[in-house]
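There are 2 protein chains.
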Amino acid sequence: MPTSENDSPPVYREIAEDVRTAIASGRLSDGDRVPGENDLMKQYGVARATARQALSVLINEGIVVAIRGSGVYVRAFRPLRRHGPRRLSRELWGAGRAIWQADSPDGSFETDSVEVAEVPAPAYVARALGLADEAAVVRRHRRYRLEDRPMQLATSYLPAEFAAGTAIAEPETGPGGIYARLAEQGRAPAHFTEEIRVRMPTPEEAAALHLNAGTPVLDVLRTALTEEHTAVEFNEMTLDGSAYVLQYDFDA
Amino acid sequence: MPTSENDSPPVYREIAEDVRTAIASGRLSDGDRVPGENDLMKQYGVARATARQALSVLINEGIVVAIRGSGVYVRAFRPLRRHGPRRLSRELWGAGRAIWQADSPDGSFETDSVEVAEVPAPAYVARALGLADEAAVVRRHRRYRLEDRPMQLATSYLPAEFAAGTAIAEPETGPGGIYARLAEQGRAPAHFTEEIRVRMPTPEEAAALHLNAGTPVLDVLRTALTEEHTAVEFNEMTLDGSAYVLQYDFDA
DNA sequence: CAGTGGTCTAGACCACAAA
DNA sequence: TTGTGGTCTAGACCACTGC
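Sequence lines, in order, name chains A and B.
Residue 238 in the UniProt record's numbering is what sits at position 238 of the first sequence, and the numbering runs on without skipping anything.
Residue 21 in the UniProt record's numbering is what sits at position 21 of the second sequence, and the numbering runs on without skipping anything.
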């Protein structure tokens, strides 16, 4: 008698599934209000904690957002396209535009909270740049915003050997950005390698990027190399996963 | 008197933060047991629901996993490297190896639950392949495993016009896989474009990939084009975000 | 069998949003 | 002011792990 009544999913999952299919089927769409805690309690005859647990599933999946005092709403996904190879082409920074402007449809990216410092290289940075551990590097940290929405955090590391004391170590790097400055030194980046990981954000990142619960971030680690394959920059970027689509084109 | 005691974070967040820093500082490392519900209740003098809420934060961040009847443990991250351009080079499938073998350090990938069918193309597939809406396509779905761990789901679409009735529409496509078959037809893939998105998995994907809570997935949408820029395959892949690092190399 | 995490109830007080 | 979501307590029963 005892245990043959097994494997029926818990109530809160079934409630979540009902709401999820209502969204997937289009019965509820972007920005629509979904049944709140009180609605679910009445409709399913469950306690408040159970209704909340059902909603928390959907919130952690990133498909709805809760707004205190107002309700729970279907979340939209309207990403920006970040084109790998094209955006780093010489034409862009050769013409006096900073590379990140290639992301933006209308060039309205803004940069924010810039911090420049000379520091000893962390181990993974030293490895990427081919330097000795703790070798001096210039670190540039900044945040990018588009129409007041924070989109990306970025931290660049360049060997202090050639970056210290130049415009690269200034908050404002001048037309074309650091790549143009490198080119003037005869260290123009010619090859790039990007490494992409996914994870959930730390609380600090969630705050800095204004992320909703259930939004993963993309880590993009880029190493820029000269024609002679000397590493000249290591850039560690953290992107709002709900804001970006990455694109890479290549040949067989 | 009333409200000047504001903005202190809720208890459950502070507990979560304590555990998080214990992990970040290295006091707790991969696979270590972290304080469980009962431990936290005693240490912080909170109710069980509060201790659980603190743990649920960390679980949804993907940094710990809960094992029923046992405890809560620090989660490891040991990803596979998936190298974009290199893995699709002609050498690989020209030599009779399927491309996904490039992912695997020792070639021990296995394929699973293969489904082949001829279906009308969904709108986004038709667009990617340059076909009319609802045009007939061959759909190939499969799951990839490495040492019994499911790593990736993939669904390929090829125009039925040249794929139907060939080995491409069979579960076993022969040496070199579908790309070798395409090459024999004079439709060898020469250009690729990959589009990458991140999101939290659906419950079905979480089950199929054996994902822990708090693990995002990577969607990789690849279009393969011939030398003449005719689209011959559209491949929709869903990767376990905790299992992969993607790498792309390109030139300025 | 004792201990763990998983689910669920029935309350409580709070901060915030919208009417 | 009413209703919403956010936090928290104090219980309960269950399924599973590991000794």
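All residues carry an ideal CB built from backbone N, CA and C; glycine is no exception.
Since we're looking at a predicted model, the values are computed, not measured.
For a contact defined as C-beta to C-beta under 8 Å, what are the partners of residue i on chain A?
i              : result
residue 251(B) : 85, 190, 191 and 192
residue 129(B) : In chain order: nothing, as chain A lies at least about 17 Å away.
residue 158(B) : Near residue 158(B) there are no residues of chain A at all, since even the closest Cβ is about 17 Å away, more than 8 Å.
For residue i, which residues of its own chain have a beta-carbon under 6 Å away from its beta-carbon, when the five flanking residues on both sides are left out?
i              : result
residue 4(B)   : Low local confidence applies: a pLDDT of 31 at residue 4(B) is under 50, so the model's placement there is unreliable, with the coordinate-based value given in what follows. Excluding residues within five positions, none has a Cβ falling inside 6 Å.
residue 143(A) : 112, 113, 150 and 153
residue 178(A) : 168
residue 255(A) : Residue 255(A) lies beyond the residue range present for chain A, which begins at 1 and ends at 252; the question has no answer from this structure.
residue 36(A)  : 71 and 72
residue 251(A) : none
residue 62(A)  : 214 and 215
Are residue i and residue j closer than 9 Å when you measure CB to CB?
i              : j              : result
residue 200(A) : residue 214(B) : yes
residue 121(B) : residue 58(B)  : no
residue 276(B) : residue 223(B) : Outside the shown range of chain B (1 to 252) lies residue 276(B), about which nothing can therefore be said.
residue 33(B)  : residue 72(B)  : yes
residue 160(A) : residue 137(A) : yes
residue 19(A)  : residue 76(A)  : no
residue 203(B) : residue 13(A)  : yes
residue 193(A) : residue 225(A) : yes
residue 116(A) : residue 141(A) : yes
residue 52(A)  : residue 109(A) : no
residue 209(A) : residue 237(A) : no
residue 56(A)  : residue 56(B)  : yes
residue 166(B) : residue 185(B) : yes
residue 46(B)  : residue 11(B)  : yes
Quick one: is residue i near chain A, going by C-beta distance under 9 Å?
i              : result
residue 218(B) : yes
residue 213(B) : yes
residue 201(B) : yes
Check the Cβ-Cβ distances between residue i and every residue of chain B, and say whether any is below 9 Å.
i              : result
residue 235(A) : no
residue 246(A) : yes
residue 120(A) : no
Counting only the same chain and skipping the five closest in sequence on each side, list residues whose C-beta sits under 8 Å from that of residue i.
i              : result
residue 1(B)   : Its pLDDT being 30, under 50, residue 1(B) is placed unreliably in this model, and the value from its coordinates should be taken loosely. Here the set comprises nothing.
residue 9(B)   : 17
residue 22(A)  : 28 and 34
residue 211(A) : 201, 205, 217, 240 and 242
residue 79(A)  : 242, 243, 244 and 245
residue 134(A) : 120, 121 and 126
residue 229(A) : 191
residue 118(B) : 136, 137, 138, 139, 160, 164 and 169
Which chain B residues are close to residue i, counting only those with a beta carbon under 7 Å from its beta carbon?
i              : result
residue 198(A) : 198, 216, 218 and 241
Residues of chain B with CB closer than 9 Å to the CB of residue i, please, in chain order.
i             : result
residue 79(A) : 197
What residues in its chain sit with their C-beta under 7 Å from that of residue i, if we drop five residues either side in the sequence?
i              : result
residue 29(A)  : 74
residue 216(A) : 198, 199, 200 and 241
residue 182(A) : 188, 189 and 232
residue 249(B) : 85
residue 163(B) : 138 and 169
residue 171(B) : 114 and 116
residue 50(A)  : 11 and 12
residue 48(B)  : 37 and 41
residue 67(B)  : 73
Taking Cβ-Cβ distances below 7 Å as the criterion, which residues of the UniProt domain "HTH gntR-type" (9-77) of chain B are in contact with chain A? 60, 61 and 62
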